[in-house]
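Residue 1 is where the sequence shown starts when you use UniProt numbering, and the numbers rise one by one after that.
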Amino acid sequence: MEELQDPLFLPNHSEALPSHASRCDASMPGNSRVQESGLSIVKKRGHGTRSWIHINHTGNSKVLELDKATIMKHCSLPARDLRLLDPMFIYPSTILGREKAIVVSLEQIRCIITSDEVILMNSLDNTVVQYESELCRRLQMIRDQSDDLPFEFRALELALELTCMLLDGQVQELEMEIYPVLDELTSSINTLNLERVRRFKGHLLALTRRVQKVRDEIEQLMDDDGDMAELYLTEKKERTEACSSANQYFQSISSGSRVISKSEPVSPVTSIKGSVKLERAFSSVLSSSKHGSSVSSSRSGYNIEKLEMLLEAYFVVIDNSLSKLLSLKEYIDDTEDLINIKLANVQNQLIQFELLLTAATFLATIFAVVTGVFGMNFEPAIFKISSAFEWVLIITGVACGISYLFFLSYLRSKKILSL
């Protein structure tokens, strides 16, 4: 690990440990090696310290304990931007470009990217560990190679890559789980399968919101050239350094000319040399100003192809994941419609059966009434015939049957029954 000279990482502001040692110490109770190091941590009122992973441009990483005030001062960030990185708050995925830093909050990856370093929120989550190891590996691989992609774009690209991979993996896992359940539900409608589908649908809606937010954030960056221009931290830093060096050069020239004018008379040769130097300085300043104006104008919409292509690549990936989720949601909706149709069909069949049973019960009641009337304790003249009661039963039964058939034909003519 190389020593850092930045004031943010001096011993009186933070405590630096190797990342693997910090994780081991955090998992071992009673370990007091950190307390015995003798490094003090600056604590301000209302600003608690948190564990951060610092990754520099050479690929070296270490764990630091920093408070919000230190980070805000070092990265020139307002407090509201740091709230986006606070795990105590629930904020959607966000990518913000500021003057000296990029604030990235994508799922579990919460970090601050500058032109030559990454300050990553320390966590035991697998995505955070993978981000740290992969970024260090990539930076160490390109240390001795010439690359035209700035440091901040490499860090942002890895964050987008891991986020898209994470979300796409969750989408594929949900597809593998929910499709068999839906197929089983269409063949067997029961409470257990309905409860499983309801639970999977809740997971689907939550995952869709997360994927939609990441997609909208990338699309919003691609649609606004000014937001993309804010992410060019390396160019902004070079322009600032060029302007400061030009100002120092002018100050040195002006101070030198004043000393010469007060000390001795100016000769024609020295005056010509001074005018030549001054002319060169003016030409360099004009060229730098022209370069700065061209860069600023290009940032407003003409020189953002690299970032736009980078964002577009991951926009396609996240849009594909969103399309899978929408297709899955449509499949669930189609399955629900099919189940509703089946249930409505069963309900219609039950209503038809109930209608037929009611009609049969009505006619059977008529037959029972006729039988009860002739079974009363009186002696009508028709009972003097030996087979009269049998004929009454036969005629009543035939009349009820004909009435039932007439009732069925009437229902079929009205298309109430499908018999």
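Note that the Cβ used here is the ideal one computed from N, Cα and C, for glycine as well.
If you look at S403, you'll find it in the alpha helix (DSSP H) that goes 388-413. Under the three-pair Cβ rule at 8 Å, the region 63-71 does not count as touching the region 127-135. Here the C-alpha atom of L166 lies approximately 14 Å from the C-alpha atom of E157. When secondary structure is reduced to three states using DSSP, T191 falls in the helix class.
Shortest Cα-Cα distance from T114 to any of V103, S123, S61 involves V103. When DSSP states are grouped into helix, strand and coil, N126 belongs to the helix group. For D224, the secondary structure class from DSSP, reduced to helix, strand or coil, is coil. A residue is called buried once 16 or more other Cβ atoms fall within 10 Å of its Cβ, and D183, having fewer, is exposed.
Shown here for K237: same chain residues with a beta carbon closer than 7 Å to its own, the five before and five after excluded, namely S115 in chain order. Only buried fits E217, as 16 or more other CB atoms lie within 10 angstroms of its CB. Rounded to the nearest angstrom, the gap between the Cα atoms of V118 and G59 is 10 Å.
In the three-state reduction of the DSSP assignment, S105 falls in the strand class. Across the set G97, L192, N126, the C-alpha of G97 shows the shortest separation from the C-alpha of M228. Straight across, the Cα-Cα distance linking Q108 with A242 is about 37 Å. From the listed residues E65, Y179, I95, K100, the smallest Cα separation to L77 is found for K100. With fewer than 16 other CB atoms across the displayed protein chains lying within 10 angstroms of its CB, I416 is exposed. If the five residues before and after L411 are omitted, its C-beta is found closer than 6 Å to the C-beta atoms of L417, all from its own chain and listed in chain order. G97 sits in a strand when the DSSP states are folded into three classes.
In the structure shown, D116 falls within a coil segment according to DSSP collapsed to helix, strand and coil. Annotation: E336 to L326 spans about 15 Å, alpha carbon to alpha carbon.
Assignment of R50 by DSSP, reduced to helix, strand and coil, places it in the strand class.
Buried is the label assigned to P150, since at least 16 other Cβ atoms lie within 10 Å of its Cβ. Between M376 and K414, the alpha-carbon positions lie close to 40 Å from each other.
DSSP places E312 in the uninterrupted alpha helix (DSSP H) bounded by 305-374.
According to the DSSP assignment, D67 belongs to no alpha helix (DSSP H) but to the beta strand (DSSP E) extending over 61-67. Between L322 and L204, the gap from beta carbon to beta carbon reaches 8 Å or more.
Note that the C-beta distance between L363 and S409 is not below 8 Å. Non-local beta-carbon contacts of I385 in its own chain, meaning distances under 8 Å to residues more than five positions away in sequence, are absent. Residue pairing by DSSP leaves C243 without any beta bridge partner.
Taking a 10 Å sphere around the C-beta of L221, we find 16 or more other C-beta atoms and assign the residue as buried. Taking C-alpha positions only, D81 is separated from K213 by approximately 18 Å. If you compare the alpha carbons of R143, D225, N193, S105 with that of L162, the shortest gap goes to S105. When DSSP states are grouped into helix, strand and coil, M88 belongs to the coil group. Here DSSP, grouped into helix, strand and coil, assigns R110 to strand. Taking Q170 as the centre and dropping the five residues before and after it, the same chain places the C-beta of L207 closer than 8 Å to its C-beta, in chain order.
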